[in-house]
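Visitor:
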Amino acid sequence: MIDGLPIEERDQRNFLVVAAIMTVFIALALDEPAMVRAVVGLIMGVFSALVYLVVTLVLKRLIDAY
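Note that this note's numbering has the sequence shown beginning at 18, numbered continuously upward.
(1) Enumerate in chain order the residues of its own chain whose CB-to-CB distance from Ala55 is below 8 Å, with the five nearest sequence positions on each side excluded.
(2) Exposed or buried, what is Ala46 when buried is set at 16 or more other beta-carbons lying within 10 Å of its beta-carbon?
(3) Compute the Euclidean distance between the alpha carbons of Val53 and Ala37, then round it to the nearest angstrom.
(4) Please state whether DSSP places Glu10 in a helix, a strand or coil.
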């Protein structure tokens, strides 16, 4: 999935790192049952990583434009 996007290898690695860190952080921060923490952590981790990816792609396009 990530390989089809025009981003560098280090950005792909950072995408996965952001997803993993945010998933763990959110899962540990919630005071809910384990299943709820895991699901919410996963959703927020993926959302955070997608925001990182969009910002990275937009910045690369803006930098290339100048």
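C-beta: ideal position from N, C-alpha, C; glycine also.
Guide: Let me spell this out:
(1) Ala44
(2) exposed
(3) 17 Å
(4) Examination of residue 10 is not possible in this model, given that the chain is present from 18 through 83 alone.
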